[in-house]
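Numbering (full-length UniProt numbering), first residue to last: 1 to 731.
For every residue, glycine included, the Cβ atom is placed at its ideal position computed from N, Cα and C.
This structure is a prediction, so every number in the text was calculated from the model and none was measured.
Presented below is the structure to which this report refers.
Quick look at the structure:
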């Protein structure tokens with residue numbers, strides 16, 4: 001009854017209250033709670049807009065407020081005195097189970113949840129202390145957990161009395177400023193397991209709406225208090241919110257809920273509350289739960305492009321879009337958005353080329369609709385660099401590759417081959433652009449200065465083309481690289497603005513140079529006299545090209561400033577920033593501009609750095625059993641002897657041979673975002689002699705397999721085929 005609109009929308013809420021009132025038998029001698037009165041809808045204040053435009057507040061952190069807010073706190077009403085302990089409650093529950101008399105337990109639940117004051121009286125660790133800080137919510141988490149764990153095993157009248165009390169509490173607390181006791185009550189009520197049941201969703205929705213409508217300062221407290229919840233309970237709250245959104249979008253029984261037009265605020269309110277938990281999760285390192293636990297796969301089945309266009313068109317308006325809260329959109333759904341956005345850009349660029357050609361009265365041809373790259377295998381890098389530099393205006397067209405002197409037609413397979421060979425050459429240590437760190441098994445940008453950084457721009461463009469054309473690459477950059485690539489996610493209009501600079505930590509350095517990071521970590525934890533024992537200054541020495549030793553001052557006159565116990569944190573911070581930002585700025589800036597020359601799109605605002613890595617590289621984890629389950633057959637049945645031989649051999653292969661097979665059949669040894677199912681792998685029967693080797697059509701992820709007579713022959717021919725698989729021809 002808290003939503004402005006037609007009066008008949010209160011029916012579900014009112015019916016629920018009526019049901020509770022009709023089930024008050026057996027409560028005992030306790031007086032009836034205050035009768036619930038639905039307020040006049042004209043007096044209900046409107047909620048503030050729930051939208052948050054990511055373009056204006058990218059990755060907004062709720063941790064930007066000061067630790068102690070200086071605004072005066074509303075006066076805290078005095079709390080009732082409640083002395084029941086965890087043990088007292090557990091004893092009451094055990095006695096009730098043994099005797100069947102639930103009066104004492106019923107009285108506890110109906111009293112405790114009757115108002116926000118009573119909730120605080122029961123669950124506040126010390127009722128005489130205000131607990132007005134973000135560090136400590138003052139909630140007795142153990143008592144809350146015990147009470148909620150017991151609740152679902154109590155009789156129905158006990159459970160209904162809790163829900164009735166929550167309704168009363170929500171109505172009583174709807175007006176006036178929120179106190180910290182109110183925030184504590186909200187934090188406790190969000191953990192109620194009853195809200196997993198769809199019959200409670202009307203009440204749950206109003207609870208979420210009130211929390212969503214709180215001020216930013218109140219949200220700040222809830223975020224910090226939420227990060228103290230145990231992992232198990234935190235995950236349960238997140239799952240409950242995701243389930244609420246899913247069932248409101250696709251209800252199993254639509255009659256259970258009010259019509260969608262009457263409760264359009266349900267999903268925005270739940271999503272905003274989920275955003276608070278996502279913010280809390282981001283404040284902890286490592287996070288409480290994985291960022292993927294916030295994905296709602298139900299959203300994969302809605303019109304994502306409509307969501308994306310609404311977000312683009314309406315921006316920071318009152319119109320809700322899931323794109324305002326990208327943490328809830330799965331990587332598979334984001335890939336769909338990016339692919340379709342890319343396709344629309346490709347079509348637009350191709351159409352413009354066609355119009356320009358016709359307007360100049362020139363004869364159009366099909367080649368003008370593509371980015372045609374023609375290269376020699378013997379001059380792969382130089383030819384590719386020249387082609388992409390010459391055709392910079394065509395980078396957003398569909399990519400087609402031709403190898404000079406080869407008859408292969410590019411339906412996707414040659415493009416994959418081009419990417420693979422080019423990446424392999426560019427990242428070779430002898431090429432000098434990237435340094436391979438054996439300890440971390442990843443590449444990092446060489447700090448050697450050069451006259452022309454165009455090749456770094458080429459690598460960036462290659463990564464952009466891979467995302468744009470849905471190709472996965474075998475690139476081993478550390479996570480820090482993708483964080484820098486999104487700094488900022490949209491190329492700034494002012495070319496003097498620094499790009500590719502982000503806040504880096506010792507943890508980032510550990511992922512690239514673990515030995516050096518370990519040494520700096522030892523410096524931070526050293527208990528002796530740092531200045532006398534280490535004898536270091538704010539100057540670092542590094543090796544430049546051709547063995548030239550150079551020095552760099554981390555701050556002005558750094559060579560004269562000793563590192564001490566007092567300033568060592570500053571030294572480590574500046575040193576890490578130098579290694580990962582300043583020493584490679586020109587190289588990474590060229591790389592950044594190359595990537596964004598192809599992938600410039602608002603869709604990048606939806607992505608986390610980890611998700612960019614998955615889009616670029618796919619997953620290195622090969623699950624050949626999953627590939628077997630999702631393989632299609634043409635000319636074979638999965639029970640045929642040849643197919644059974646094939647999977648026996650493949651499942652027994654080493655990881656290296658399995659990768660070779662995947663590369664042979666699909667053009668890449670990486671698994672796409674959607675897993676093996678997204679490969680659409682097909683095995684076709686080849687009506688040729690069994691003396692022939694297997695043949696692959698990488699454009700279609702298809703393996704043509706002759707009907708070999710035994711497992712030994714199949715294994716021998718398959719290994720020869722997948723180990724000699726460079727180059728293309730026509731049959």
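- Taken in chain order, the complete alpha helix (DSSP H) segments of 4 residues or longer contained in the region 191-240 are 201-212, 216-226.
- The bridge partners DSSP lists for residue 697 are 702.
- Below 8 Å, too few C-beta pairs join the region 548-559 and the region 455-471 to call them touching: fewer than three.
- In this model, residue 454 and residue 503 are separated by some 26 Å (Cα to Cα).
- Put simply, the region 616-626 does not touch the region 678-692. Fewer than three CB pairs are less than 8 Å apart.
- The beta strand (DSSP E) runs lying completely inside the region 498-559 and spanning 3 residues or more are 539-543, 549-553, given in chain order.
- One Cα belongs to residue 519, the other to residue 480, and the distance between them is close to 20 Å.
- Comparing alpha carbon positions, the residue from 372, 402, 407, 380 closest to residue 393 is 372.
- Our two residues, residue 91 and residue 85, have alpha carbons roughly 10 Å apart in a direct line.
- By the C-beta density criterion, residue 441 is exposed, having fewer than 16 other C-beta atoms within 10 angstroms.
- Here the region 574-581 makes no contact with the region 285-295; the two share fewer than three CB pairs at distances below 8 Å.
- Around the beta-carbon of residue 390, fewer than 16 other beta-carbon atoms lie within 10 Å, marking it exposed.
- Three or more beta-carbon pairs separated by less than 8 Å link the region 701-713 to the region 630-649, which places the two stretches in contact.
- At least 9 Å separates the beta-carbon of residue 718 from that of residue 671.
- Under the three-state reduction of DSSP, residue 561 is assigned to coil, being neither helix nor strand.
- Of the candidates 114, 267, 529, the residue whose Cα lies closest to the Cα of residue 298 is 267.
- Under the 10 Å beta carbon count, residue 305 is surrounded by fewer than 16 other beta carbons and is classified as exposed.
- Within its own chain, the residues whose Cβ lies closer than 8 Å to the Cβ of residue 139, once the five positions on either side in sequence are excluded, are 123, 124, 125, 184, 187, 188, 225, listed in chain order.
- Using a Cβ distance threshold of 9 Å, residue 601 and residue 338 count as a contacting pair.
- Close CB contacts of residue 170 within its chain, under the 7 Å cut and outside five residues either way in sequence, are with 206, 207, 210 (chain order).
- The C-beta separation of residue 531 from residue 563 comes to about 7 Å, placing the pair in contact by the 8 Å criterion.
- DSSP, read as helix, strand or coil, puts residue 436 in strand.
- Between residue 536 and residue 559, the alpha-carbon positions lie close to 9 Å from each other.
- In summary, residue 89 is buried, with 16 or more beta-carbon neighbours lying within 10 Å of its beta-carbon over all protein chains present.
- Burial state of residue 115 is buried, judged by a 10 Å Cβ sphere holding 16 or more other Cβ atoms.
- A straight line joining the alpha-carbon of residue 462 with that of residue 447 spans about 21 Å.
- Proximity of the region 347-359 to the region 374-383 falls short of the contact definition, fewer than three beta-carbon pairs being nearer than 8 Å.
- In the three-state scheme derived from DSSP, where H, G and I count as helix and E and B as strand, residue 133 is classed as coil.
- DSSP assignment within the region 573-626 yields no whole beta strand (DSSP E) run of 3 residues or more.
- With fewer than 16 other Cβ atoms from the protein chains shown falling within 10 Å of its own Cβ, residue 498 counts as exposed.
- For residue 384, the three-state secondary structure derived from DSSP is helix.
- C-alpha of residue 221 to C-alpha of residue 228: approximately 11 Å in a straight line.
- Within the region 622-700, complete beta strand (DSSP E) segments of at least 3 residues are found at 632-634, 682-685, 695-697, given in chain order.
- Annotation for residue 372: the continuous beta strand (DSSP E) segment containing it runs 370-375.
- Under the 8 Å Cβ criterion, the region 195-206 counts as touching the region 250-265, having at least three qualifying pairs.
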